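K.L.:
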Amino acid sequence: MPRLTIHEDRCKACGLCVEFCPKDCLALSDKFNPQGYHPVELVNPDECTGCAICAKMCPDVVFKVEK
Amino acid sequence: MPRLTIHEDRCKACGLCVEFCPKDCLALSDKFNPQGYHPVELVNPDECTGCAICAKMCPDVVFKVEK
Amino acid sequence: MKTVFERPQSLVDTSFHFCPGCHHGTIHRLVAEAIDEYKVRETTIAAASVGCSVFLYDYFDIDVVESPHGRAPAVATGIKRANPDKFVFVYQGDGDLAAIGTAEIIHAANRGENITVIFVNNTVYGMTGGQMAPTTMLGQRTTTSPYGRDFAQDGYPIRMTEMLAQLEGVGYAARVAVDSPAHLGKARKAIMKAFATQIENRGMGFVEVLCTCPTNWGMGPIEANKRIAAEMIPYFPLGVYKERTGSDFM
Amino acid sequence: MKTVFERPQSLVDTSFHFCPGCHHGTIHRLVAEAIDEYKVRETTIAAASVGCSVFLYDYFDIDVVESPHGRAPAVATGIKRANPDKFVFVYQGDGDLAAIGTAEIIHAANRGENITVIFVNNTVYGMTGGQMAPTTMLGQRTTTSPYGRDFAQDGYPIRMTEMLAQLEGVGYAARVAVDSPAHLGKARKAIMKAFATQIENRGMGFVEVLCTCPTNWGMGPIEANKRIAAEMIPYFPLGVYKERTGSDFM
Amino acid sequence: MAAKTFEKGNVAIAKAAVAAGCKYYFGYPITPQSDIPEYLSGVLPGVGGQFVQAESEIAAINMLLGAGSTGKRAMTSSSSPGISLKQEGISYMAGSEIPGLIVNIQRSGPGLGGISPSQGDYFQATRGGGHGDYRILVLAPATVQEMYDLTILAFELSDKYRMPAMVLADAMLGMMKEPLEEWIPKQAEEDKSSWALSGAKGRERRKIKSLFLGDGELAEHNWKMLEHYREVEAKETRVKIEVHDDCELAVVAFGSAARIAKSAVDRLNDEGRNIGMVRPITVWPFPYKEIRELAEKDIPFLTVELNVGQMVEDVRLSVEGRSKVSFAGYPPGYLPSPDEIYEEITKLLDKKD
Amino acid sequence: MAAKTFEKGNVAIAKAAVAAGCKYYFGYPITPQSDIPEYLSGVLPGVGGQFVQAESEIAAINMLLGAGSTGKRAMTSSSSPGISLKQEGISYMAGSEIPGLIVNIQRSGPGLGGISPSQGDYFQATRGGGHGDYRILVLAPATVQEMYDLTILAFELSDKYRMPAMVLADAMLGMMKEPLEEWIPKQAEEDKSSWALSGAKGRERRKIKSLFLGDGELAEHNWKMLEHYREVEAKETRVKIEVHDDCELAVVAFGSAARIAKSAVDRLNDEGRNIGMVRPITVWPFPYKEIRELAEKDIPFLTVELNVGQMVEDVRLSVEGRSKVSFAGYPPGYLPSPDEIYEEITKLLDKKD
Amino acid sequence: MNHAVIMAGFGGQGILMIGNLFAIGALKQGLNCTFFPSYGVEMRGGTANCTVTISDHEVGSPVTSSPNGVVAMNEPSVAKFAPRIGEGGLLLINTSMAPDNDFSKDGVEVIRLPCNQIADELGNIKLASMVALGAYAGRCGVVELKFLEEALPEVLPQKLHKLIPSNIEALRAGAKRADKQD
Amino acid sequence: MNHAVIMAGFGGQGILMIGNLFAIGALKQGLNCTFFPSYGVEMRGGTANCTVTISDHEVGSPVTSSPNGVVAMNEPSVAKFAPRIGEGGLLLINTSMAPDNDFSKDGVEVIRLPCNQIADELGNIKLASMVALGAYAGRCGVVELKFLEEALPEVLPQKLHKLIPSNIEALRAGAKRADKQD
Ligand SMILES: Cc1ncc(C[n+]2csc(CCOP(=O)(O)OP(=O)(O)O)c2C)c(N)n1
Ligand SMILES: Cc1ncc(C[n+]2csc(CCOP(=O)(O)OP(=O)(O)O)c2C)c(N)n1
Ligand code: SF4
Ligand code: SF4
Ligand code: SF4
Ligand code: SF4
Ligand code: SF4
Ligand code: SF4
Ligand SMILES: [Mg+2]
Ligand SMILES: [Mg+2]
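Taken in sequence, the protein lines are chains A, B, C, D, E, F, G and H.
According to our numbering, the first sequence is numbered sequentially starting from 5.
According to our numbering, the second sequence is numbered sequentially starting from 5.
According to our numbering, the third sequence is numbered sequentially starting from 20.
According to our numbering, the fourth sequence is numbered sequentially starting from 20.
According to our numbering, the fifth sequence is numbered sequentially starting from 18.
According to our numbering, the sixth sequence is numbered sequentially starting from 18.
According to our numbering, the seventh sequence is numbered sequentially starting from 827.
According to our numbering, the eighth sequence is numbered sequentially starting from 827.
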């Protein structure tokens, strides 16, 4: 299974990763990060293919993807 | 016969009119004008057709042409 | 396990000051990837410009000098002429490059300065609060075109890549976008080519990247991202406008 | 007896300071003829530039303001925007328009300023003693390109008419020469059209005139005149690059 | 009389321009003055005017030169780095005797500096940052109301003396809001038909220029300008002087520094001291004479500026050794509190006592 | 020691630059300084350097900023209007502490003015025509030999103090020929490896910039620069003083004005008067202290300038009322003869007597 | 009397609006007042702040390095501005956005109020900043609540005028809760 | 001693060359000297002039409004510069190019010499300016002819060095003819 590392503090909740994940694995959480945003979280880890589209679309380099 | 008026004092002896006159009517004179140039003169008045090519080519608006 | 994606090495490990969803971050990352790819981190001197990307020197692990607004291509010319062995790039916004810096980019291009130019077109002056830029779309409302940009008053948005591609001194010119995975791939490739152009001494490598400014467009990040394909690309067509191979140089 | 040719009325009856055989005089005359033809002498405000044509205000019987080097299109913009009923033209050399004034001409064109531009390209900085201009031909020796202009060092000569013709704000763009009776006729026509473009509110009317500078080319007037056809026209092709009819405006 | 509104300083300038009948604006965005073009881009089209966003500050000043040469009231505005770029154009306008308003909402320098308030461009404004011997009118407001009032005055003086005028404010005055009372000037605009370009109809053609190549012609032009400047100095110097008999020390400050200093002075006077305040409203012409007169009464001065020492030279040139001149400077990136200036004054008084 | 050649002042500057190891020139043509780029365009390619004719003076100063940020000796040159255009760039270089040489061969102003000699840019050079609090080194040669010598010194001081340096000459000094003795500086170039950009290899990355947004950061930067300036003032002020005991009057003049004035002073001394001469060689830093010391001896001063009064302010700031300061100004378009200055001095002496 | 307060928080929290309201309220009360917003690069990254300075004399500096009070709508604002508060000052912390903050400083009174939560209870989370302002104003006493209420129509855009009653409610709720704190 | 002379004429008449020669000659004689050419717009329209200032002290101004002498190689140069000559000054008029000129001024000595004609007689009309210089130098006596002759190799471009003898001849012819005038 691919490993997605999410640097939550860096997330600005723009939603681009959520929008572009082909497997709908991501969603914005309810909590706040120190910047005041609701950071993204992996809600569907099993579906994740490690395609790294989320990582590439993220303007804030929040993800690391391994597989 | 066409009438060519040459404002000699304005001539800078560039020779463009001489070069382009289709009838070879013009030449630079030996005398000096107040600017220190040898102004152009009409040496072949009979050949002049009043085509005004000399006047148009002259950068210093030396000629007036009537016919 | 293999790393499929990680932060490029030459990108300092800190957070960007950019607004949520702003493409500047994405473009910074792509440039950092090119620096890593060509292993030029230790020989690079960049000329930062003035715009939302002014803090470039905080984000790249390289030597940087700050340029006055619009003058980065001249600053880069000075660097490169005095240091032909260094890798020199500039990163400029559309106000910076297409307005105040018009003469500098055109003449650096025309002289064939061997530098790489990343041109970030977000159709507004982002940093100063969203005023009209020469690239602002017709009808677009900005803080200084409150009734929408009007041709009769302000002219049409200017297409810099087309203009520069004509100049002999430009070795590579392309317009790309980063609004979709597919466009991103091409953008990455274009930036790599613009790097290679300099490394191979083939004149200016120029890449225009269409970019969002959700804040000053008054849009959410997703909506802004969609505007790129819906409104910008039709007027600013993507593609490689010039790619000179070694032989037709000179 | 009919007058076939005489000094245009709006040309002050005085001698030019230009060097022998310099085309500036010819071009001045053509512009004066257009002023007479369109009867705009009394409504014209010109923005003079800095170059050998700096004394324009001594030669035309019209109101003139002097512009800083390269900035005439901006000065003209200010005049025209505040006085849309006046006829406004600028007359600029190639150093003035294509080097220091690059941004001003491009943006006046891009905004579609309704002004007329006479651009006199003699491939050098005439007034300052013959330094290299952006339009200097490859190989041409000037006081600052003593070994001849070299692409690798200085880039190719820039073609402004082609560049400006692309911009939507330009209603008319042509390149002409005055080195032969035939070319003169076309030049005259082009200048008339550039005047008409403004009068009919169709954006910028732009005419590039290829021009000799016998003094700084180190040539006699006749030889210089021949260089236009022999060297310049092949690189700077004559022709009308753009002519917008009323309907395709906007 | 209109009710007061709560307005930004920048907007006060823009509104004053409209009230003064200025219909043409040429400018390029820069923080912290962008409210001015933003406001005017909305308003000018509606009054038959033109708002042109120039491609650069250089283009903007030259558009102003063009419009001004036709006698139309027009303006540009910018902030420090942008004003540096306008120096060639300002020198041309001065040399060609073309009126026009230039607003400088000063920010921090040198270089890119920052966007916080500063008075670092005093020398540039008053000594001519451009080349050659010339001066421009420089008005230094200290409140949002003065941003309005002095903008109108600047247009009037500029037209009257055919020289460019500058409103020299800063980020503090530009960005802050205060109550503003708007008013419309009653005075008719100066008649410019005797010199402005309008097409050579029924009269000799006109040349507006700064090039003078005839023997001695330029020297004569420069002397003529100097005479003109002497007249302006005599007639148009404006200064607010609050100095009472037996004044222990007078603080000299303009614009935002004057506001901050004033609080300190008030506090000291409340505490029973006798501290005076001198606030130049025109910084060119500078109130040399007025300050010299105070110096002759042996009043010492403390000059307070948001820089490392610029106007203090003018104070010293006024005083010329007649009394003591001290300086307290606060370069940008940091704004002093009235308390700090209070301390500074107290120190000086202690030394004296 | 090389034989003397008969050389133009402009060429002397260009040759000095090459002798100083300057390999990079960036500039835009303008009369009366074009000999400098013309000479260097022929020579630099042969010494492995680069001559770049920029598209404008603005581009040129920014190319200099770029080259200077990498620690390379480089220069630009221009004349008055062109120098006005460089003001933003100069402010950036000063704020970013980037060395580099700027030559101003002054011509007539304001505006397009003319191409005759002038000293109208003194304020611009010494007070900062750009925005913000900064100073640059300004050296004022008075002979063709000094055009050479001071160009080399300017490079050295610029490197040493990491600040831009200007050679402030004029059309007279630039266009005239005089005997010149060329020499090569022995001193090795300053080591710039501790700050110059060269690629972040084996060390932390470097940022050369003037933007400081942290709280108080910019104020600190400005204070640091000021301290630096104080050091330069203490160590690098240069002035030629020829004043003897019981001096009746001292003429203060720099550059070409000093040459003309000197002839008048010599004539008066030949006639048995005791007239002194003070010639600032650095006009920033200005010899305030030296002039003040003379003023303390109650020596009156006559300041002579080719403008309507600029350096005279610095003289008055030096003197601060200690003695009398008079002024004789000759704006451009007209050059005074030594005889006229002779008359001027005589008039003053008569008044005194 | 000279009272300078810094109000700070994330963009979108209505910071500039409550700053303006406080200022115009002060004017209505017959005091002198200046309002100084943050601008330019400071606003990138989604934070906003402003300084309101109120005086019965002419106002001197509209900005300050040692405010009399701070309204901190989130954690970073506490961190940035609270340490600058002078002796005898007042700090309001919106604990909804800075739950674990335990800032304290000698001579500084701290009000901790879960403004978002209170606003939510009032039926509109957007009223959080009004709650905060009400609490701050109520406690420091420089501007009376009634003048703030009077100023609302001038500060709220026309289309929000229908919300004036709920804004008043929020101001009052804040004042009341702050009052109860000690 | 301070001697300032303006030399003026049409472009191509060798004005700057004789100015330079006079200057370097003065240096060879051990005097101080400056040379100041006309430049820029002044040179458009084909005229040229220069000022040579010679002194046994340091030279002050290299330009002057009242020269000690003028070498006028054509009519316009007489008109422009002759009136400026100071008391005791010397004017050389090349009558070949200013045949009808009858300029005179109290205290100014005028030499009228048909330089082109004399040069033509010497076999090279281009030597007219050398004739003029010879005449001027001979008459005013500030620089001895032999130093001018010595300076010729430094002023003439290498390829014209073969013409040094004829240049010397021209200088001498000028000096002789000027001498004979009175
Ligand atoms: C000489 C000068 N003029 C204006 C500015 C103000 N300014 C800073 S950034 C900027 C424009 C930014 O727009 P852009 O280049 O499009 O970059 P973006 O922020 O959109 O990425 C302007 C006008 C300045 N710093 N210097
Ligand atoms: C700001 C500034 N830079 C430079 C100059 C000097 N200058 C005067 S005219 C000119 C160029 C003239 O060349 P061009 O425009 O081609 O006109 P031409 O004389 O060839 O007709 C230059 C560089 C100036 N006057 N102002
Ligand atoms: S790696 Fe691909 S599948 Fe997994 S979360 Fe990211 S975008 Fe979705
Ligand atoms: S794209 Fe990045 S910043 Fe945006 S929501 Fe996803 S992780 Fe957060
Ligand atoms: S009018 Fe024609 S034919 Fe007559 S001289 Fe002129 S060119 Fe020759
Ligand atoms: S073209 Fe004109 S200037 Fe030239 S020779 Fe003929 S008349 Fe004279
Ligand atoms: S203002 Fe626009 S360009 Fe700047 S960071 Fe924000 S979204 Fe990006
Ligand atoms: S220098 Fe050249 S362009 Fe200027 S007048 Fe002479 S020939 Fe014409
Ligand atoms: Mg942008
Ligand atoms: Mg040219």
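Backbone N, C-alpha and C fix where the C-beta goes; we use that ideal spot for every residue, glycine too.
As the structure is a prediction and not an experimental result, all values here were calculated from the model.
(1) Quick one: is ASN121 of chain F buried, meaning 16 or more other Cβ sit within 10 Å of its Cβ, or exposed?
(2) Taking Cβ-Cβ distances shorter than 9 Å, what residues in chain F pair up with SER68 of chain D?
(3) Can you round the beta-carbon distance between LEU917 of chain G and VAL896 of chain G to whole angstroms, since I take them to be within the 8 Å contact cut?
(4) Looking at the C-beta of GLY872 of chain G, does it have a partner C-beta in chain C at a distance below 8 Å?
(5) Of the residues that make up the region 92 to 103 of chain E, which ones have a beta carbon closer than 7 Å to any beta carbon in chain F?
(6) Start and end of the beta strand (DSSP E) containing THR776 of chain G?
(7) Is the shortest distance between the beta-carbon of TRP240 of chain F and the beta-carbons of chain E less than 8 Å?
(8) Starting from MET923 of chain H, find everything on chain B with Cβ-Cβ shorter than 9 Å and list it in chain order.
(9) Check whether the Cβ of ALA31 of chain F sits closer than 7 Å to any heavy atom of ligand 4, and report yes or no.
(10) What does GLU194 of chain F pair with, by DSSP beta-bridge criteria?
(11) Here's the rule I'm using: 16 or more other beta-carbon atoms within 10 Å means buried, otherwise exposed. How should TYR166 of chain D be labelled?
(12) Let me check understanding here. Comparing Cα to Cα, which of E:VAL28, E:TYR42, E:LEU230 and E:ALA33 lies closest to GLN388 of chain E?
(13) By a C-beta neighbour count over all protein chains shown, 10 Å radius and 16 as the cutoff for buried, is THR20 of chain D buried or exposed?
(14) Comparing the C-beta of GLY840 of chain G with each C-beta of chain A, is any distance below 8 Å?
(15) With PRO26 of chain A and CYS55 of chain A assumed to form a contact (beta carbons below 8 Å), what rounded beta-carbon distance in angstroms separates them?
(16) Between the Cα of LEU323 of chain F and those of F:ALA111, F:GLN136 and F:VAL256, spot the shortest distance and give me the residue it belongs to.
(17) Ligand 3 and PRO27 of chain C: does the residue's C-beta get closer than 7 Å to at least one heavy atom of that ligand?
(18) Name the chain I residues whose beta carbon is nearer than 7 Å to that of PRO888 of chain G?
(19) Whose CA, out of F:MET294, F:ALA274 and F:SER273, lies closest to the CA of ASP414 of chain F?
(20) Three Cβ pairs or more, each shorter than 8 Å: is that satisfied between the region 192 to 202 of chain C and the region 214 to 234 of chain C?
(21) Check whether the Cβ of PRO26 of chain B sits closer than 7 Å to any heavy atom of ligand 5, and report yes or no.
(22) Cutting at 7 Å between CB atoms, please list the residues of its own chain near ARG276 of chain F, excluding the five before and the five after it.
(23) Alpha carbon to alpha carbon, how far is SER887 of chain G from VAL260 of chain E? Give it in angstroms, no decimals.
(24) For the alpha helix (DSSP H) holding ILE832 of chain G, just list the boundary residues, first then last.
(25) Grab me the residues of TYR56 of chain F's own chain with a C-beta within less than 7 Å of its C-beta, minus the 5 sequence neighbours each way, in chain order.
(26) For ARG124 of chain E, which option in E:LYS306, E:ASP208 and E:PRO98 has the closest C-alpha, if you only look at C-alpha atoms?
(27) Mind listing which residues of the region 70 to 104 of chain D have their C-beta closer than 7 Å to chain E's C-betas, in chain order?
(28) Which residue from C:ALA53, C:ASP80, C:VAL69 and C:HIS47 puts its Cα closest to that of GLY219 of chain F?
(29) Taking its Cβ as the centre, do 16 or more other Cβ atoms sit within 10 Å of ASP82 of chain C, making it buried, or is it exposed?
(30) Excluding sequence positions up to five away, which residues of its chain have a Cβ less than 6 Å from the Cβ of GLN141 of chain E?
P.N.:
In short, the structure shows the following:
(1) As a working mapping, residue 121 of chain F is identified with position 104 in the sixth sequence. Buried: at least 16 other Cβ atoms inside 10 Å.
(2) Here the question's residue 68 of chain D lines up with position 49 in the fourth sequence. In chain order: nothing, as chain F lies at least about 10 Å away.
(3) By one-based count along the seventh sequence, residue 917 of chain G stands at place 91. By one-based count along the seventh sequence, residue 896 of chain G stands at place 70. About 5 Å separates the two Cβ atoms, so the contact holds.
(4) If you number the seventh sequence from 1, residue 872 of chain G lands on position 46. By this cut-off, GLY872 of chain G is an interface position.
(5) SER97, PRO98, ILE100, SER101 and LEU102
(6) A question about residue 776 of chain G goes unanswered here, because the residues of chain G that appear run from 827 up to 1008.
(7) Taking the first residue of the sixth sequence as position 1, residue 240 of chain F is located at position 223. Judged by the 8 Å Cβ criterion, TRP240 of chain F is in contact with chain E.
(8) Within the eighth sequence, numbered from 1, the residue matching residue 923 of chain H stands at position 97. Those within 9 Å of MET923 of chain H in chain B are PHE36 and GLY40.
(9) Here residue 31 of chain F is taken as the residue at index 14 of the sixth sequence, counted from 1. No, ligand 4 has no heavy atom inside 7 Å of this Cβ.
(10) As a first step, residue 194 of chain F is located in the sixth sequence; it is residue number 177 there, counting from the start. Rather than Glu, the amino acid found at residue 194 of chain F in this sequence is Lys. F:LYS25 and H:PHE861, per the DSSP bridge assignment.
(11) Taking the first residue of the fourth sequence as 1, we reach residue 166 of chain D at position 147. Classification for TYR166 of chain D: exposed.
(12) Here chain E covers residues 18 to 370 and nothing more, so residue 388 of chain E does not appear.
(13) The residue labelled residue 20 of chain D in the question sits at position 1 within the fourth sequence. Checking the sequence, you will find Met at residue 20 of chain D rather than Thr. MET20 of chain D comes out exposed.
(14) In the seventh sequence, the residue the question calls residue 840 of chain G occupies position 14. It does not: the Cβ of GLY840 of chain G has no partner Cβ on chain A nearer than 8 Å.
(15) As a working note, residue 26 of chain A is residue 22 in the first sequence. As a working note, residue 55 of chain A is residue 51 in the first sequence. With 8 Å as the limit, PRO26 of chain A and CYS55 of chain A qualify as a contact, their Cβ atoms being about 7 Å apart.
(16) Start at 1 with the first residue of the sixth sequence, and residue 323 of chain F comes out as number 306. LEU323 of chain F has its Cα closest to that of F:GLN136, out of F:ALA111, F:GLN136 and F:VAL256.
(17) Working through the third sequence from its first residue, we reach residue 27 of chain C at position 8. Every heavy atom of ligand 3 is 7 Å or more from the Cβ of PRO27 of chain C, so no.
(18) Note that chain I does not occur in the displayed structure, where the protein chains are A, B, C, D, E, F, G and H.
(19) Residue 414 of chain F cannot be examined here, being either before or after the span of chain F that is shown, 18 to 370.
(20) yes
(21) Walking along the second sequence from the start, residue 26 of chain B turns up at place 22. Within the cutoff, so yes.
(22) Taking the sixth sequence and counting its residues from 1, one reaches residue 276 of chain F at position 259. Once the five neighbours on either side are set aside, the close Cβ partners of ARG276 of chain F are ALA159.
(23) To locate residue 260 of chain E, count along the fifth sequence from 1; it is residue 243. To locate residue 887 of chain G, count along the seventh sequence from 1; it is residue 61. In a straight line, the C-alpha of VAL260 of chain E is about 22 Å away from that of SER887 of chain G.
(24) Translated into positions along the seventh sequence, residue 832 of chain G becomes position 6. Segment 828 to 836 is the beta strand (DSSP E) holding ILE832 of chain G; no alpha helix (DSSP H) there.
(25) Counting from 1 along the sixth sequence, the entry for residue 56 of chain F is found at position 39. For TYR56 of chain F, where only same-chain residues beyond five positions count, the Cβ hits under 7 Å are VAL28 and ALA31.
(26) Within the fifth sequence, the letter at position 107 stands for residue 124 of chain E. Per the Cα distances, E:PRO98.
(27) VAL73, TYR76, ASP80, ILE81, ASP82, VAL83, VAL84, GLU85, SER86, PRO87, ARG90, ALA93, VAL94, ALA95, THR96, GLY97, ILE98, ARG100, ALA101 and ASN102
(28) As a first step, residue 219 of chain F must be located in the sixth sequence, where it is residue number 202. The option with the nearest alpha carbon to GLY219 of chain F is C:ASP80.
(29) Within the third sequence, residue 82 of chain C is the residue found at index 63, counting from 1. Looking at its Cβ environment, which holds 16 or more other Cβ atoms inside 10 Å, ASP82 of chain C is buried.
(30) Here residue 141 of chain E refers to the residue found at position 124 when the fifth sequence is read from its first residue. Nothing meets the Cβ criterion.
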